[in-house]
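K.L.:
Before I ask anything, here is the structure I am working with.
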Amino acid sequence: MLELNSQLKQLDKICNVKGAWKMFNQRLKRDAVSWTSMISGYVRVSDFSKALALFSNMWVQPGLCMDPFLLSIALRACGLGINLSYGEAVHGYLAKSGIVNSIFVGSALLDLYMKVVGIEKGCIIFDKMPLRNVVSGTTIITGEIGEQVQIVGDDLLVTKPR
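The UniProt record's numbering applies: residue 1 is where the sequence shown begins, and numbers increase by one.
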């Protein structure tokens, strides 16, 4: 198993998702690390639907645990792929399990809502975070700046003489 995981990580680093997928499929026994490597690889190459399909498949596998790192990757796929309904389902799981208090997960959740819903929901998530760090602070500031730039840009388009 260690050898498979090492090879998957190497293929993931060079964005060879097809090679990693082939190797992953040839193995009958997979652990959380191999699943996480594959999901991360698909997010890295912007194939968010494949990443979330794999995450869904992993979710129902017996004996595999969902750690904060993996859950933050799934939330990232939801945010980048603009998949709010899936993100909300993961958020529900996080709330029930208590993992939502992880700094990794909280920051990923904040990023999802800032990208997909907007600043209001992002501020609610930020205010509820029991732990904050540079990542969560940067995410909320970047989201607010992005929203202000959009408003200014919209105003310029409306008021600019032709």
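Beta carbons: idealized from backbone N, C-alpha and C, even for Gly.
#1: Would you call the stretch 54-62 and the stretch 94-103 touching, i.e. three or more CB-CB distances under 8 angstroms?
#2: Please determine, among Arg132, Ala32, Ala51, Gly118, the residue with the shortest C-alpha to C-alpha distance to Cys78.
#3: Return the Cβ separation of Pro130 and Val105 in integer angstroms, given the expectation that the two are a contact with Cβ distance under 8 angstroms.
#4: Please work out which residues of its chain come closer than 8 angstroms, Cβ to Cβ, to Arg76, disregarding the five sequence neighbours upstream and downstream, and give them in chain order.
#5: Could you tell me the distance, in whole angstroms, from the CA atom of Thr36 to the CA atom of Glu120?
#6: At 4 residues or longer, what runs of the alpha helix (DSSP H) sit wholly inside the stretch 72-144?
#7: My understanding is that Asp140 touches Gly122, with C-beta atoms under 8 angstroms, so please give their C-beta distance in whole angstroms.
#8: Starting from the C-beta of Phe55, find all residues in its chain whose C-beta is less than 6 angstroms away, skip the five residues before and the five after it, and write them out in chain order.
#9: Within the same chain, show all residues whose beta-carbon is closer than 8 angstroms to that of Phe48, passing over the 5 residues directly before and after it, in chain order.
#10: Please report the straight-line C-alpha distance between Met23 and Val17, rounded to a whole angstrom.
#11: What are the uninterrupted segments assigned as alpha helix (DSSP H) that are 4 or more residues long and contained completely in the UniProt repeat "PPR" (31-66), given in chain order?
#12: With distances taken Cα to Cα, identify the nearest neighbour of Ser126 among Ala53, Val117, Ser136.
#13: Looking at Asn133: is its Cβ nearer than 8 angstroms to the Cβ of Ile103?
#14: With a CB to CB cut of under 6 angstroms and the five nearest residues on each side skipped, what residues in its chain are close to Arg30?
#15: For Ser6, count neighbouring Cβ atoms within 10 angstroms of its own Cβ and tell me buried if that reaches 16, exposed if not.
#16: Just how far apart, CA to CA, sit Gly118 and Trp21?
P.N.:
Taking the definition as stated:
#1: They do not touch, by the three-pair rule.
#2: Selected option, being the one with the closest Cα: Ala51.
#3: In this structure Pro130 is not in contact with Val105, their Cβ atoms being roughly 11 angstroms apart against a cut-off of 8 angstroms.
#4: Excluding positions up to five away in sequence, the list reads Val43, Ala108, Asp111, Leu112.
#5: Cα to Cα, the separation comes out at about 31 angstroms.
#6: Listed in chain order, they are 84-97, 103-116, 119-128.
#7: For clarity, residue 140 is Ile in the given sequence; the question names Asp instead. Between Gly122 and Ile140 the Cβ distance is about 6 angstroms, and since that is below 8 angstroms, they are a contact.
#8: Excluding positions up to five away in sequence, the list reads Ile39, Ala74.
#9: Excluding residues within five positions, the ones whose Cβ falls inside 8 angstroms are Tyr42, Ala77, Cys78, Leu80, Gly81, Asn83.
#10: Rounded to whole angstroms, Met23 to Val17 spans 10 angstroms at the Cα level.
#11: If we require 4 residues or more, the alpha helix (DSSP H) runs fully inside the UniProt repeat "PPR" (31-66) come out as 32-44, 48-59.
#12: Note on residue identity: the sequence assigns Phe, not Ser, to residue 126. Of the candidates Ala53, Val117, Ser136, the one whose C-alpha sits nearest the C-alpha of Phe126 is Ser136.
#13: Yes, they are a contact pair.
#14: Taking Arg30 as the centre and dropping the five residues before and after it, the same chain places no C-beta closer than 6 angstroms to its C-beta.
#15: Looking at its Cβ environment, which holds fewer than 16 other Cβ atoms inside 10 Å, Ser6 is exposed.
#16: A direct Cα-to-Cα measurement between Gly118 and Trp21 gives close to 34 angstroms.
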